[in-house]
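For reference, the structure is listed below as C-alpha coordinates.
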Amino acid sequence: MGNSTGSTMYMFGAVIVIYIVGMLLYQGFQWIKKKRAQKKDEEFRNSEK
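Numbering (the numbering used here), first residue to last: 25 to 73.
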(Lines of atoms letter the chains of each structure in order from A and count residues from 1; the text may use other names and numbers.)
(Lines give C-alpha, C1' and ligand atoms only; values in the text may rest on other atoms or scores of the structure.)
Protein backbone atom coordinates (compact mmCIF):
# COMPACT_ATOMS: atom_id res chain seq x y z
CA MET A 1 0.00 0.00 0.00
CA GLY A 2 2.85 2.39 0.63
CA ASN A 3 3.25 5.33 2.93
CA SER A 4 0.06 7.38 2.59
CA THR A 5 0.24 9.03 6.02
CA GLY A 6 2.54 11.79 4.78
CA SER A 7 0.33 12.82 1.89
CA THR A 8 -2.76 12.56 4.10
CA MET A 9 -1.21 14.94 6.61
CA TYR A 10 -0.30 17.37 3.82
CA MET A 11 -3.87 17.26 2.51
CA PHE A 12 -5.27 17.83 6.02
CA GLY A 13 -2.88 20.74 6.57
CA ALA A 14 -3.75 22.25 3.19
CA VAL A 15 -7.48 22.08 3.95
CA ILE A 16 -6.94 23.80 7.31
CA VAL A 17 -4.80 26.55 5.73
CA ILE A 18 -7.34 27.13 2.92
CA TYR A 19 -10.16 27.29 5.48
CA ILE A 20 -8.31 29.82 7.67
CA VAL A 21 -7.40 32.02 4.68
CA GLY A 22 -11.00 31.89 3.45
CA MET A 23 -12.38 32.87 6.84
CA LEU A 24 -9.90 35.75 7.13
CA LEU A 25 -10.94 37.04 3.70
CA TYR A 26 -14.61 36.73 4.62
CA GLN A 27 -14.11 38.57 7.90
CA GLY A 28 -12.13 41.28 6.08
CA PHE A 29 -14.95 41.83 3.59
CA GLN A 30 -17.50 41.97 6.40
CA TRP A 31 -15.35 44.54 8.24
CA ILE A 32 -15.02 46.70 5.10
CA LYS A 33 -18.78 46.55 4.51
CA LYS A 34 -19.41 47.57 8.13
CA LYS A 35 -16.99 50.51 7.89
CA ARG A 36 -18.61 51.71 4.64
CA ALA A 37 -22.08 51.50 6.20
CA GLN A 38 -20.91 53.49 9.23
CA LYS A 39 -19.37 56.14 6.96
CA LYS A 40 -22.57 56.46 4.89
CA ASP A 41 -24.65 56.65 8.06
CA GLU A 42 -22.41 59.37 9.46
CA GLU A 43 -22.58 61.37 6.22
CA PHE A 44 -26.38 61.04 6.22
CA ARG A 45 -26.57 62.29 9.82
CA ASN A 46 -24.29 65.24 9.02
CA SER A 47 -26.36 66.24 5.97
CA GLU A 48 -29.57 66.30 8.05
CA LYS A 49 -28.29 69.10 10.27
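All C-beta atoms, glycine included, are put in the ideal place defined by N, C-alpha and C.
- A straight-line Cα-Cα distance of about 29 Å links residue 60 and residue 41.
- Residue 70 and residue 45 have their C-alpha atoms roughly 38 Å apart.
- Within the same chain, no Cβ atom closer than 6 Å to the Cβ of residue 30 is found once the five residues on either side in sequence are excluded.
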